[in-house]
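Take a look at the structure set out below.
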Amino acid sequence: MVTRKHAIALFGSLARTEDLNLLSDLARFDPEPAIRAEALMGLARTGVAMAVPTLVEAIASSDLLEAAAASKALEILARRLGPATVRAHLDKSSAKGKKLTAAVLDKLARPIEAKSAKRSESRRDPPIPR
Numbered sequence: 002m003v004t005r006k007h008a009i010a011l012f013g014s015l016a017r018t019e020d021l022n023l024l025s026d027l028a029r030f031d032p033e034p035a036i037r038a039e040a041l042m043g044l045a046r047t048g049v050a051m052a053v054p055t056l057v058e059a060i061a062s063s064d065l066l067e068a069a070a071a072s073k074a075l076e077i078l079a080r081r082l083g084p085a086t087v088r089a090h091l092d093k094s095s096a097k098g099k100k101l102t103a104a105v106l107d108k109l110a111r112p113i114e115a116k117s118a119k120r121s122e123s124r125r126d127p128p129i130p131r
């Protein structure tokens, strides 16, 4: 199984069309949860928006490993493509998939807001001692 996982990781780094189809099939149909999870991460590493529906489908999985990998993969893809691009591909997804994906995208937006608030606080003039 370790050899298969390494091969799948390689497919994700190459991002050729044939590899995307193989990764998508592995992510959806492989009987091993660890292989599905690696295929999901590989899809995210390709940086291709066509991976979003497969990731959204997997995030709603009852298998915890698969769902966690899909969540992380969506986060990676959203950082790379932008949350708006990910949201644009949610039309045909299940309600559960949409809800879980929205939670990932919201979590991604929170640290950005917190960082900008910290920056604005640090730019303020220090209080004048009296």
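First residue of the sequence shown? That's 2 in this note's numbering, and the numbers climb one at a time after it. The beta carbon of each residue, even a glycine, is placed where N, CA and C say it ideally should be.
- Sequence-distant Cβ neighbours of R29 in its own chain, meaning closer than 8 Å and more than five residues away, are R37, T55, E58 and A59.
- Distance between R81 and V49, taken at the CA atoms: about 9 Å.
- Taking the Cα positions, A35 is about 17 Å away from R46.
- If you look at M42, you'll find it in the alpha helix (DSSP H) that goes P34 to T47.
- The beta carbon of S62 lies closer than 6 Å to those of A68 in the same chain, with the five residues before and after it left out.
- When DSSP states are grouped into helix, strand and coil, S25 belongs to the helix group.
- With respect to K6, E39 sits close: the two C-beta atoms are nearer than 7 Å.
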